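This report refers to the structure that appears directly beneath it.
Put into structure tokens, the structure is as follows:
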């Protein structure tokens with residue numbers, strides 16, 4: 014049974030889409046990060062993963078869920094900053110002079 018992320022208007026979406034499986038895998042990744050020896054690396058990995066999980070939570074949950082916690086908002090901002098700096102580095106490395114957002 015694959016984890017398919019589609020949104021429907023029914024309550025069966027939670028079971029059929031694999032949202033529960035995605036949450037369990039997310040927790041498994043966080044438990045695996047506990048084994049990392051470097052404390053700074055462990056912290057950065059957990060914050061980045063929480064940011065990704067928060068982004069997925071925003072995309073795939075209904076609007077009537079509880080508001081985001083302060084930690085989730087901070088992790089989301091950090092993850093977006095890391096993504097933006099990665100994109101910026103990629104363009105600088107490729108030799109592009111400007112970053113164009115036009116298709």
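In my numbering, the protein residues as written are 14 to 116.
Even glycine gets a Cβ: it sits at the ideal position worked out from N, Cα and C.
Since this is a predicted model, take the numbers as computed values, not measurements.
Assigned secondary structure, residue i (DSSP; H/G/I helix, E/B strand, else coil)
i	result
residue 44	helix
residue 51	coil
residue 75	coil
residue 34	helix
Residue i and residue j closer than 9 Å at C-beta
i	j	result
residue 43	residue 63	yes
residue 88	residue 60	yes
residue 66	residue 99	no
Start and end residues, alpha helix (DSSP H) containing residue i
i	result
residue 88	83–107
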